[in-house]
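Take the sequence shown: its position 11, counting from 1, is numbered 1241 in the working numbering, and each next residue is one higher.
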Amino acid sequence: MAVRNEAAVPYTTEPEFESIAMEKAAVMARFSDVALMEMLKVNDKIASRTAEQYQLIRNGEAEQIPALAAYSGAVFKRIDPQSFDFDDWRFAQDHLRIMSSLYGLLRPLDRISAYRLEAIVSLDGKETIAETWRPVLTDKFIALVNQSGGVLLDLASEEMRLFLDWPKVCSAVRIVKVDFYERRGGKLKSVTMYAKMCRGEMTRYVIRNRIDNPEDVKAFQWDGFAFDPHESNENHLVFVRG
1231 MAVRNEAAVP YTTEPEFESI AMEKAAVMAR FSDVALMEML KVNDKIASRT
1281 AEQYQLIRNG EAEQIPALAA YSGAVFKRID PQSFDFDDWR FAQDHLRIMS
1331 SLYGLLRPLD RISAYRLEAI VSLDGKETIA ETWRPVLTDK FIALVNQSGG
1381 VLLDLASEEM RLFLDWPKVC SAVRIVKVDF YERRGGKLKS VTMYAKMCRG
1431 EMTRYVIRNR IDNPEDVKAF QWDGFAFDPH ESNENHLVFV RG
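Next comes the structure, spelled out in structure tokens:
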């Protein structure tokens, strides 16, 4: 992740699992640059920067900004939180949740620091990061969804399911999965980069239009992608281009 501090926000909040995040950061701060290169599969420059980030976090010296403005991947670029007004931020805070390897479960306005950590990394040689979060987050996540009407619009990557006991979540709440495909030669094909961009654009669409009913996202259109009722069902919304 990369820190970007351009967004004007109404307020900020503390991550619910800040103490656990600090414990993980303290462990990460003990690894050498060489160990981080191997663990995170990065070059020496990135490993050195990562080591410095964890030192700053451990020492309480790291810059903190709202979570939704802190990530720089394709999905988050398309959400474009820098363009949000205060009402957009407030709606996002109430409706959007972000899975984080370091912080667990984040709200958009939670203050976080720059870090690098993958869900499949193991700090103890036993459990992966995602597995350590699973018993912490699952019941909390289910309760959050049920408090908001019992329906989850799933725009996350498959990796994010690793943070939760997914079968338990599926049995406790209604999940509406969204997929984006291109039609090529009569067949549907998922193109990773376009799928990420679409997930970000739809997240932005939901926030800007204050959508709280999955039926209303069927009107979403972007760059040729549109809802396909023939490929969809009640709990799986498919958007196709071509």
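For every residue, glycine included, the Cβ atom is placed at its ideal position computed from N, Cα and C.
This one's a predicted model, so the numbers in the text were calculated from it and none came from an experiment.
Candidates Lys1419, Arg1414 and Asp1453: which alpha carbon is nearest Gly1430's?
Closest option to Gly1430, judged by alpha-carbon separation, among Lys1419, Arg1414 and Asp1453: Asp1453.
Is it true that the CB of Ala1251 sits closer than 7 Å to the CB of Leu1266?
Between Leu1266 and Ala1251, the gap from beta carbon to beta carbon reaches 7 Å or more.
Mapping the DSSP letters down to three states, classify Pro1459 as helix, strand or coil.
Judged by DSSP in its simplified three-state form, Pro1459 adopts coil rather than helix or strand.
Looking only at its chain, what residues have a beta carbon closer than 8 Å to the beta carbon of Leu1383, apart from the 5 residues adjacent to it on each side?
So the list reads Val1406, Val1408, Val1436, Pro1444 and Val1447, once near-sequence residues are dropped.
Under the three-state reduction of DSSP, which class applies to Gln1451: helix, strand or coil?
Gln1451: strand per DSSP, three-state reduction.
Relative to the C-alpha of Ile1342, which candidate in Tyr1333, Leu1326, Arg1414 and Thr1362 has its C-alpha closest?
Looking at the Cα atoms, Tyr1333 is the closest of the given residues.
Using the rule of at least 16 other Cβ atoms within 10 Å of the residue's Cβ for burial, across every protein chain shown, is Glu1329 buried or exposed?
Here residue 1329 turns out to be Met, not Glu, going by the sequence shown. Result: buried.
Which value, in whole angstroms, describes the spacing of the CA atoms of Thr1280 and Ala1425?
Cα-Cα distance, rounded: 28 Å.
Local conformation of Phe1314 per DSSP, three classes
Under the three-state reduction of DSSP, Phe1314 is assigned to coil, being neither helix nor strand.
Determine which residues share a DSSP beta bridge with Met1329 and list them.
BP columns for Met1329 point to Leu1335.
Residues of its chain near Val1351, where Cβ-Cβ distance is below 8 Å and the 5 sequence neighbours each way are ignored
Within the same chain, Met1269, Leu1270, Ser1331, Thr1358 and Ile1359 come within 8 Å of Val1351 by CB-CB distance, once the 5 residues on both sides are set aside.
With a Cβ-Cβ cutoff of 7 Å, do Val1468 and Arg1413 count as a contact?
By the CB criterion at 7 Å, Val1468 and Arg1413 fall outside the cutoff.
At 3 residues or longer, and completely inside the region 1351-1418: list those beta strand (DSSP E) runs for me, N to C.
Listed in chain order, they are 1381-1384 and 1404-1414.
Please determine, among Arg1260, Thr1433 and Tyr1411, the residue with the shortest C-alpha to C-alpha distance to Arg1458.
The question names Arg, yet the displayed sequence has Asp at residue 1458. Nearest of Arg1260, Thr1433 and Tyr1411 to Asp1458, Cα basis: Tyr1411.
Rounded straight-line distance, which links the Cα of Leu1385 to that of His1466
Each residue's CA atom was taken as its position, placing His1466 and Leu1385 some 11 Å apart.
Arg1471: first and last residue of the uninterrupted beta strand (DSSP E) it sits in
Counting along the chain, the beta strand (DSSP E) containing Arg1471 begins and ends at His1466 to Arg1471.
Beta-carbon gap between Phe1321 and Arg1434 smaller than 7 Å
The Cβ atoms of Phe1321 and Arg1434 do not sit closer than 7 Å to each other.
Cβ contact (3+ pairs, closer than 8 Å) linking the region 1362-1372 and the region 1394-1406
Output reads yes: the region 1394-1406 touches the region 1362-1372.
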